[in-house]
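2 protein chains.
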Amino acid sequence: MKSATEDLTELLSPLADDLKSARGILTERIFQAEDFSERLLIARNAAAQDASELPGWLERITEIPDKDDGSLAAEMAEHLITHGGKMFRSALVLAVIRACGGGAQDAAKLAAAMEMIHMATLLHDDVIDRSDTRRGAASMPARFDNSPTVLMGDHLFARAFELLSECGRVEIVASAARATSKMCLGEVEQLEWIGRADIPEEVYFRLIERKTAALMASCCETAAFLCENDSHVEEWNKFGCLLGLIFQMVDDLLDFTADEQRLGKAVGSDAEAGKYTLPLILYRDRLGSREAFAEFLAGCASQEDIRAALEGECVFKDVRSRIEDLVENCQGYLNRLADSQIDPAGCHLLSGMVDFVALRDY
Amino acid sequence: MKSATEDLTELLSPLADDLKSARGILTERIFQAEDFSERLLIARNAAAQDASELPGWLERITEIPDKDDGSLAAEMAEHLITHGGKMFRSALVLAVIRACGGGAQDAAKLAAAMEMIHMATLLHDDVIDRSDTRRGAASMPARFDNSPTVLMGDHLFARAFELLSECGRVEIVASAARATSKMCLGEVEQLEWIGRADIPEEVYFRLIERKTAALMASCCETAAFLCENDSHVEEWNKFGCLLGLIFQMVDDLLDFTADEQRLGKAVGSDAEAGKYTLPLILYRDRLGSREAFAEFLAGCASQEDIRAALEGECVFKDVRSRIEDLVENCQGYLNRLADSQIDPAGCHLLSGMVDFVALRDY
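Residue numbers (numbering that gives the first Met the number 0), protein chains in the order written: chain H, 0 to 361; chain Z, 0 to 361.
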């Protein structure tokens, strides 16, 4: 493992142009709405005199322009693009493509599509969790209300699958669809476990595998499919799955240990929302009984009390050590993939991304 | 036009076996959840001794069974299947396939997928409209709450796109994705027009084209793609679009004129929810001013008052006449398609479906 967290932007600088293309496609697809008159529009340019000529009253209606400027949909799209995040999923897709030798047509389309799926799930999560803020701004439901947010999420899903279809391989669509379905089931299952301090460790891992790792696995898998690197698709999937587990374990750790300023949001928000993640699960298991754990939680006046207790029992160290296990595993996959791939620089970039994900402090 | 509405079940009896297959696939896919241990599971069966062997703590975790029985997701799936509706979109797909000569592998998969997209939008609509009932039972959000319903809708979308990818042609995925995206934008736009009695007639048609006709157009288009009937895809799309417009215009008319017992829900619910559909739009335009229309609405004590006023101004007759225009147009497409298709019985079935949609009284 590297000893320091590199800055993500700097790390991803070799992908800067590709990321820009991906963001361009994403922006264009979120805004673009088909023209009603064009689609409904039927006979006008075709056999205007035959039996299928449109009745006069409908002809007239199809002539109006289909302007979406200034509409609610356009305002929401604007908000989405402005608060677009760091596009880590796009970067992952692009890095794997580079590692597979690069040059794939439609790389930016695939990268945009996977990011849009992620954005769609964030929108629906914010509705479900009733979150008021996201990335330092008002969340979509806080600004536009729940209903349009649900629909904008659906719109993003749909546009993403349209883009995926344009990548030309049904395997790509299938992989992303499976990952999306998993994420939904993971979220449904998470709802069942909210507020339950008895959540088993294995359920925690199943949840994060579904909620976070499945999509990262699919980012890597679809990138390999796009490069027609079919013989290594399975390894790429597993590499992405491990990276996703690391990503979420670090996220959950940071909710206890991060500096609030640096993190950009309040720490301790998971436990407050009734989500018991790995650090608390490990601490609970050390206490040995649910009663003792309930007593402990009741006795903690602040997030700082919880942090100090977990620190005292070396829980964070234990979580770190598990993360390191996975990082080693993940880098192992990468090393073996590097032997069979064309571009060592691409693999090196991915290795840096693994370290970044594991060592980041925000 | 036929003079009487045939019973839908009787009408669709030639498709009974195909519809049963479609329902089977739909049921299986809604329930089926992948096994965590299988997917995460990585190295166990592969190179167990190499660097990517799972750390012991994760090995242990992947051994637990991944049971979804009795879970919230399983209960919701059960509810969905039990109140599955008449599967009109599936029937439309299957009828077009039959008209194109039939025998397409994956016909049932495509039929199931298009129905699942429709089901997903209904779930999200019920969240958005805060509907308590659907098809004579408690709606999904009323029974399970909004959050799981949003997620179950997403799950249905994802599973549907997985099925579409299995149909083997990216054109099919692209068509369904475009239709889905349109439906979402149509719903967003509808939210903007709720409670606005000044909605222009052309906006009404744009809304129903997006909300209802786009998916029916895609049902027909994807069926043609599946049959590799690429040279007539555009006509099939337009046929489906017209059928969808008819479907929704009739729906909106029935909200004024239907018998409540026969319809299975309260009449007048659109206007009550602030949705001004074609009959009221036409009546408003006859009154000539918004003020007169507002006065009229304020003066109506009941749904019956509204109905009587519209009847008196021949509004329903006017709507009916427009529906007949579209039916003629729609049958025109079908006649020309029939000349180039293999199976006249399939085209005859579709013609019956058009008449059913136009003449139904529920």
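Using N, Cα and C, we set each Cβ at its ideal position, and we do this for glycine too.
Legend entry - Straight-line Cα distance separating residue 157 of chain H from residue 179 of chain Z: 6 Å
Legend entry - Cutoff 8 Å; reference residue 206 of chain H; Cβ partners in own chain excluding five residues on either side: 185, 188, 189, 192
Inset, instruction - Enumerate in chain order the residues of its own chain whose CB-to-CB distance from residue 37 of chain H is below 7 Å, with the five nearest sequence positions on each side excluded. - result: Annotation note: pLDDT 44 at residue 37 of chain H (below 50); position unreliable, no value reported.
Legend entry - Extent of the continuous alpha helix (DSSP H) to which residue 254 of chain Z belongs: 232 to 256
Inset, instruction - Check whether the Cβ atoms of residue 114 of chain Z and residue 173 of chain H sit closer than 8 Å, and answer yes or no. - result: no
Inset, instruction - Can you check DSSP and say which residues form a bridge with residue 97 of chain H? - result: Beta-bridge pairing links residue 97 of chain H to no other residue.
Legend entry - Neighbouring residues, chain Z, relative to residue 186 of chain H (Cβ below 7 Å): 150
Legend entry - Between the CA atoms of residue 321 of chain H and residue 295 of chain H - distance to the nearest angstrom: 24 Å
Legend entry - Closest residue to residue 364 of chain H among H/103, H/71, H/111 (Cα-Cα distance): Lying before the first or after the last residue shown, residue 364 of chain H is absent from chain H, which here runs from 0 to 361.
Inset, instruction - May I ask which residues mark the beginning and end of the alpha helix (DSSP H) holding residue 205 of chain H? - result: 200 to 207
Inset, instruction - Could you tell me how far apart the beta carbons of residue 204 of chain Z and residue 219 of chain Z are, in whole angstroms, since I believe they sit closer than 8 Å? - result: Between residue 219 of chain Z and residue 204 of chain Z the Cβ distance is about 19 Å, and since that is not below 8 Å, they are no contact.
Legend entry - Cβ-based contacts, 7 Å cut-off: residues of the region 171 to 185 of chain Z near chain H: 172, 173, 176, 177, 179, 180, 181, 183, 184
Inset, instruction - Determine the DSSP secondary structure at residue 6 of chain Z, reduced to helix, strand or coil. - result: coil
Inset, instruction - Report the option in Z/342, Z/136, Z/140, Z/147 whose CA atom is closest to the CA atom of residue 128 of chain H. - result: Z/147
Inset, instruction - Just tell me which of Z/142, Z/310, Z/245, Z/261 has its CA closest to the CA of residue 82 of chain Z. - result: Z/142
Inset, instruction - Report buried or exposed for residue 254 of chain H, applying the criterion of at least 16 other Cβ atoms within 10 angstroms of its Cβ. - result: buried
Inset, instruction - For residue 127 of chain Z, go through chain H and note every residue whose CB falls closer than 9 Å to its CB, in chain order. - result: 145, 146, 147, 149, 150
Legend entry - Pairwise C-alpha distance: residue 99 of chain H and residue 222 of chain H: 8 Å
Legend entry - Residue closest to residue 286 of chain Z, alpha-carbon to alpha-carbon, out of Z/326, Z/336, Z/274, Z/309: Z/309
Legend entry - Beta carbon of residue 348 of chain Z nearer than 8 Å to that of residue 97 of chain Z: yes
Inset, instruction - Would you identify the three-state DSSP class for residue 179 of chain Z, choosing helix, strand or coil? - result: helix
Inset, instruction - Could you tell me whether the Cβ of residue 44 of chain H comes closer than 8 Å to any Cβ of chain Z? - result: Model confidence at residue 44 of chain H stands at a pLDDT of 39, short of 50, so the residue's coordinates are unreliable and nothing is read from them.
Inset, instruction - Anything in the region 192 to 215 of chain Z with a Cβ closer than 7 Å to a Cβ of chain H? List those residues in chain order, please. - result: 200, 201, 204, 205, 208
Inset, instruction - Please list the partners that residue 235 of chain Z has in chain H, where partner means a Cβ-to-Cβ separation under 9 Å. - result: What residue 235 of chain Z touches in chain H: nothing, since even the nearest Cβ is about 12 Å away.
Inset, instruction - Excluding the 5 residues preceding and the 5 following residue 342 of chain Z in the sequence, name in chain order all residues of the same chain whose CB lies nearer than 8 Å to its CB. - result: 97, 98, 99, 100, 101
Inset, instruction - Give the secondary structure of residue 137 of chain H by DSSP, where H, G and I count as helix, E and B as strand, and everything else as coil. - result: strand
Inset, instruction - Please list, in chain order, all residues of the same chain as residue 325 of chain Z whose beta carbon is under 7 Å from its beta carbon, the five residues on each side excluded. - result: 241, 244, 245
Inset, instruction - Could you name the residues of chain Z that residue 190 of chain H contacts, counting a contact when the two beta carbons are closer than 8 Å? - result: 71, 146, 147, 150
Inset, instruction - List the whole-angstrom C-beta distance separating residue 261 of chain H from residue 361 of chain H, where the pair is believed to meet the contact cut-off of C-beta under 8 Å. - result: 5 Å
Inset, instruction - Drop a sphere of 10 angstroms on the beta-carbon of residue 195 of chain Z, count the other beta-carbons inside from all chains shown, and report buried for 16 or more, exposed for fewer. - result: exposed
Legend entry - Exposure label - residue 104 of chain H; buried when at least 16 CB within 10 Å: exposed
Inset, instruction - With 8 Å as the threshold, decide whether the Cβ of residue 47 of chain H is near any Cβ in chain Z. - result: Confidence in residue 47 of chain H is poor, its pLDDT being 39 and thus under 50, which makes the residue's placement too unreliable to answer from.
Legend entry - Rounded straight-line distance, which links the Cα of residue 55 of chain H to that of residue 47 of chain H: Reliability of the predicted coordinates at residue 47 of chain H is poor, the pLDDT of 39 falling under 50, and no value is obtained from them.
Inset, instruction - Return no unless some Cβ of chain H is closer than 8 Å to the Cβ of residue 160 of chain Z. - result: yes
Legend entry - C-alpha distance - residue 126 of chain H paired with residue 149 of chain H, whole-angstrom precision: 7 Å
Legend entry - Members of the region 321 to 341 of chain Z that neighbour chain H once the beta carbon cut-off is set at 8 Å: 321, 324, 325, 327, 328, 331, 332, 334, 335
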